[in-house]
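Report on the structure given below.
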Amino acid sequence: MSSSIRVISTSTVCAANHKEQNPRIDLTPWDLQLLLMDTIQKGLVFHKPKPDHDPHHENLIHHLQTSLSRTLDFFLPLAGRLATVEHGDETTSFFIDCNKAGAEFVHAVADGVSVSDIIEQTYVPDHIVYSFFPLNGFRNYEEISRGLDSLSKPPVLERWFLHDTDCPIRIPSFKKEQLHSKFVPPPLQQRVFHFTAESIAKLKAKANAEIGTHKISSLQALLSHIWRSAVRIKRIDPDQETSFKFVIGVRQRLQPLHQQYLGNAIQGGFITMKAGEVLEQGLGYVALQMNTMIAMHTEEEFRNYLESWRKNPKIFTPDGVFASNCFIASSSPRHNVYDTDFGWGRPIAVRSGPGPGASVMGR
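Take the sequence shown: its letters are residues 3 to 365, numbered as in our numbering.
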């Protein structure tokens with residue numbers, strides 16, 4: 003098995019329709035707080051389509067490029083660039099300039115690598131997966147790739163702000179070392195676990211039974227199980243504190259935010275317990291703490307957070323997020339990446355980058 007990656011071609015794909023105006027999209031506090039964080043990347047693994055009369059896949063590559071070009075007509079920010087404005091009071095504002103500069107399209111080949119080399123290993127083969135170029139896709143790309151002229155769920159580009167927000171939002175200017183610093187995590191191994199519907203149902207039933215309730219969700223029960231297992235395996239001192247952080251979606255909790263809102267709409271939440279408490283109190287108790295914390299994130303809480311952030315902006319940094327003995331759940335079962343179909347069938351697997359203590363969820 004070779005891990006050599008050969009780049010066949012690199013090109014810039016622009017939107018097919020150049021007649022639209024170039025909107026300026028100011029960034030919200032949800033966007034700004036993540037400026038120093040790495041982007042979320044996911045790669046979809048498919049079996050190679052049969053070559054038929056296209057042994058070098060030239061028609062396939064052209065089809066993907068054309069589909070991407072048409073898709074960028076709808077997703078204008080993804081063909082734009084992040085722009086900054088330096089103000090005279092040591093503050094900076096940011097916006098997306100939808101200037102149709104285009105998106106990078108890379109055609110690369112991994113010689114001697116098969117799908118089984120990626121999905122059948124005990125641990126994710128980093129030397130293969132991370133050799134690939136960044137893979138940031140978007141769900142409706144596959145609708146256009148299959149020949150549809152319109153989107154069933156078109157994106158909502160307009161950003162949402164509190165009604166009295168003075169745009170663009172100014173934040174203290176970053177120091178040069180902040181912009182160029184790179185978080186280097188310790189050597190990590192990544193492993194993928196698949197939980198069946200039956201096993202998740204058992205975890206949910208057990209968690210609810212232990213505390214005599216019916217309000218613990220499947221996801222809360224599963225994350226509690228993962229947290230307890232990780233604490234046990236790491237053999238964390240029983241008196242040492244450990245925390246579990248959540249990325250809580252705002253779209254379904256804040257009106258009038260649209261489900262197809264194309265922008266960051268997340269807020270962090272966490273619970274902290276001693277390692278011994280996590281293990282001794284049981285699955286149901288831990289899940290109840292998660293349930294209670296998530297329930298506290300109401301519409302009023304989101305609005306209060308945004309109001310507070312405007313007065314005292316806080317920018318997340320990787321070293322602050324990935325603290326010692328801290329576990330994080332990201333992505334969501336709502337991100338139905340396994341139903342993405344470009345005409346070749348469903349993906350065989352989905353892979354993403356690792357993080358210290360990070361749990362990436364998918365359906």
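Glycine residues also receive a C-beta, built at the ideal position from the N, C-alpha and C atoms.
Subject >> Contacts around K276, its chain only, beta-carbon distance under 8 Å, and the 5 residues preceding and following it disregarded >> reply: P240, D241, Q242, E243, T244
Original post:
Within this structure, are the beta carbons of F248 and M298 separated by less than 9 Å?
Top reply: no
Original post:
With distances taken from CA atoms, which of Q192, I27, T215, S220 is nearest E200?
Top reply: S220
**OP:** Compare the beta carbon distance of L256 and R312 with 9 Å and say whether it is the shorter of the two.
**Re:** no
**OP:** Could you tell me the distance, in whole angstroms, from the CA atom of G325 to the CA atom of A18?
**Re:** Checking the sequence shown, residue 325 turns out to be Ala, not Gly. Going from the Cα of A325 to the Cα of A18 covers about 44 Å.
Original post:
Along the chain, which unbroken stretches of the beta strand (DSSP E) at least 3 residues long are found entirely within the stretch 308–332?
Top reply: none
**OP:** Flag this pair as yes or no: are the beta carbons of I317 and L38 separated by less than 9 Å?
**Re:** yes
Subject >> Three CB pairs or more closer than 8 Å across the stretch 281–292 and the stretch 257–264 >> reply: no
Subject >> The beta strand (DSSP E) enclosing A267, as first and last residue numbers >> reply: Counting along the chain, A267 falls outside any beta strand (DSSP E), and DSSP gives it neither H nor E.
**OP:** Measure the C-alpha to C-alpha separation of S11 and A110 and round it to an integer number of angstroms.
**Re:** 7 Å
Original post:
What does H64 pair with, by DSSP beta-bridge criteria?
Top reply: Answer is none; H64 lacks a bridge partner.
Subject >> Residue from T124, F272, R234 whose Cα sits closest to the Cα of Q222 >> reply: F272
**OP:** State the Cα-Cα distance for the pair L137 and F107, rounded to the nearest angstrom.
**Re:** Low confidence applies to L137: its pLDDT is 40, below 50, so where it sits in the model is not reliable, and the reading given next is rough at best. In a straight line, the C-alpha of L137 is about 10 Å away from that of F107.
Subject >> Environment of L84 [buried if 16+ CB atoms lie within 10 Å] >> reply: exposed
**OP:** Go ahead and pull the three-state DSSP assignment for I238.
**Re:** coil
Original post:
For A105 versus V15, is the C-beta spacing smaller than 9 Å?
Top reply: yes
Subject >> Own chain residues within Cβ distance below 7 Å of T216, not counting five before or after >> reply: Before going on, a small fix: residue 216 reads as His here, not Thr. These residues qualify, in order along the chain: N210.
Original post:
How is G104 classed by DSSP in three states: helix, strand or coil?
Top reply: coil
Original post:
If you drop the 5 nearest sequence neighbours on each side, which residues of the same chain put their C-beta closer than 7 Å to that of R234?
Top reply: L281
**OP:** Excluding the 5 residues preceding and the 5 following T377 in the sequence, name in chain order all residues of the same chain whose CB lies nearer than 6 Å to its CB.
**Re:** Residue 377 lies beyond the stretch modelled for the chain, which goes from 3 to 365, so this question has no answer here.
Subject >> Per-residue DSSP class, three states only, for T375 >> reply: Because the chain is modelled from 3 through 365, residue 375 falls outside the range shown and cannot be assessed.
Subject >> Nearest neighbour of I120, chosen from S95, L46, V323 [CA to CA] >> reply: L46
**OP:** Would you mind working out which of Q269, E92, K208, N327 sits nearest T300, comparing C-alpha positions?
**Re:** Q269
**OP:** Return the Cβ separation of F329 and A207 in integer angstroms, given the expectation that the two are a contact with Cβ distance under 8 Å.
**Re:** At roughly 23 Å, the Cβ-Cβ gap does not stay under 8 Å, so F329 and A207 are not in contact.
Original post:
What whole-angstrom Cβ distance do R193 and V126 have, given they're in contact under 8 Å?
Top reply: 7 Å
Original post:
Near W346, which residues of its chain fall below 6 Å by C-beta distance, leaving aside the five closest residues on each side in sequence?
Top reply: F48, P51
Original post:
When you compare only the Cα positions, how much space is there between K155 and G278?
Top reply: 46 Å
**OP:** Would you kindly report the start and end of the unbroken beta strand (DSSP E) that includes G251?
**Re:** 243–251
**OP:** Have a look at R161 and L29 and give me their C-alpha separation to the nearest angstrom.
**Re:** 7 Å
Original post:
Which value, in whole angstroms, describes the spacing of the CA atoms of L36 and N266?
Top reply: 9 Å
Original post:
If L153 sits next to F76, beta carbons under 8 Å apart, how far is it from one beta carbon to the other, in whole angstroms?
Top reply: 6 Å
Subject >> S118 classed as buried or exposed, judged by whether at least 16 other C-beta atoms fall within 10 angstroms >> reply: exposed
Subject >> Per DSSP, cross-strand counterpart(s) of L84 >> reply: I98
Original post:
For F195, is the classification buried or exposed, using 16 other Cβ atoms within 10 angstroms of its Cβ as the cut-off for buried?
Top reply: exposed
**OP:** Return yes when the C-beta of N314 is under 8 Å from any heavy atom of the ligand FMN, and no when it is not.
**Re:** Judged by which ligands are present, the structure shown has none, so any question about the ligand FMN falls away.
Original post:
Is the Cβ-Cβ distance between T94 and R172 less than 9 Å?
Top reply: yes
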